[in-house]
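If you read the sequence shown in our numbering, its first letter stands for residue 77, the second for the next number, and so on.
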Amino acid sequence: MFTTTNWKEDPKFAGQRKKLVAELRSKGISSELVLKAIGALPRQNFFPKDFEQFVYRDAAFPIGLGQTISQPLTVAFQTQLLQVRENMKVLEIGTGSGYQCAVLAMLGANVYSIEILKGLLTTAVKVLKNLDIPAQVFLGDGTLGLPAQAPFDRILVTAGAPNVPQTYIQQLKVGGILVIPVGDSEKDQKMLRIIKTAENETRTEVFGNFQFVPLKGVNGWQ
Ligand code: SAH
């Protein structure tokens, strides 16, 4: 797992973060690695200023340009489903605040993350750099994946898709896992975990209902 000794913070945040981790555990998150990553990462750095009291609540929060930093339980749930191991090549769609990207990097993954909105990407890049978190971020339409870097061990989509873009299946290794929220409505999705079992074969598992901001782009909601 990625560690650093450079992070200094107001001690009150450490206490709040510990409580959040206990809350996530009580809500069913069981991966010790995921809980450890969330327990180590200063979420306040990814948050808009002046909203300190909301940083460690288990809720999504606006980060500007109509987007949100995902609810901690959602971040934990998606990350747990993804079964990330060290040195895996992981593609994230929707960098947003950079928080989910940082959680994946904390697990020792080689993270590639794409964001479609420049305004958000610029801030996320600064925050990640400030924390020395190694991740490669790209501006563009994430529904096209990242062909130049494919194939990936894991692909995580953090915006709600109308269906499963085949690009992601193509850009997964055999044995790879895609986690993606999919739904007919822009405001209601089911979480899917899709395992690429062979070159032309996948197995899909369906999890609970979620509400993500829409996945835009060529293979998303236009
Ligand atoms: N993972 C983020 C969640 C951000 S919300 C976090 O931890 O903060 C989803 C993000 O997906 C938004 O920032 C939105 O701009 C972005 N997005 C939507 N469609 C996209 C696309 N086609 N390609 C890349 N990013 C996209």
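Cβ atoms here follow ideal geometry from the backbone N, Cα and C, with glycine treated the same way.
- Going by DSSP, P87 is part of the alpha helix (DSSP H) stretching over P87 to S102.
- M182: member of the alpha helix (DSSP H) spanning Y175 to M182, first to last residue.
- Annotated three-state conformation of G293 is coil, per DSSP.
- Annotation: the stretch 133–174 contains the following complete segments of the beta strand (DSSP E) (minimum length 3 residues), in chain order: 137–140, 143–145 and 165–169.
- In the three-state scheme derived from DSSP, where H, G and I count as helix and E and B as strand, T79 is classed as coil.
- For V160, the shortest separation between its Cβ and any heavy atom of the ligand SAH does not lie below 7 Å.
- Taking non-hydrogen atoms of the ligand SAH into account, the C-beta of T243 is found less than 7 Å away from none of them.
- A check of alpha carbon separations from I105 across T79, Q129, M77 and V151 identifies V151 as the nearest.
- In this structure S261 is exposed. Its beta-carbon is surrounded by fewer than 16 other beta-carbon atoms within 10 angstroms.
- The three-state secondary structure of Q212, taken from DSSP, is strand.
- In the three-state DSSP reduction, Q265 falls in the strand class (E or B).
- For the ligand SAH, a non-hydrogen atom lies closer than 7 Å to the CB of L193.
- With distances taken between CA atoms, L183 lies nearest to R161 out of E168, V201, R161 and I169.
- Around the beta-carbon of A185, 16 or more other beta-carbon atoms lie within 10 Å, marking it buried.
- Three or more beta-carbon pairs separated by less than 8 Å are not found between the stretch 239–259 and the stretch 88–105, which leaves the two stretches without contact.
- For V131, the Cβ stays outside the 7 Å cut-off from all heavy atoms of the ligand SAH.
- Placement of the Cβ of D217 at a distance of less than 7 Å from at least one heavy atom of the ligand SAH is found.
- When secondary structure is reduced to three states using DSSP, G218 falls in the helix class.
- Distances taken from the Cβ of K292 to the heavy atoms of the ligand SAH include one shorter than 7 Å.
- At least one heavy atom of the ligand SAH lies closer than 7 Å to the C-beta of T171.
- In the DSSP assignment, F286 is bridged to Q265.
- Leaving aside the five residues that flank S107 on each side, the residues in its chain whose CB is nearer than 7 Å to its CB run, in chain order, Q156.
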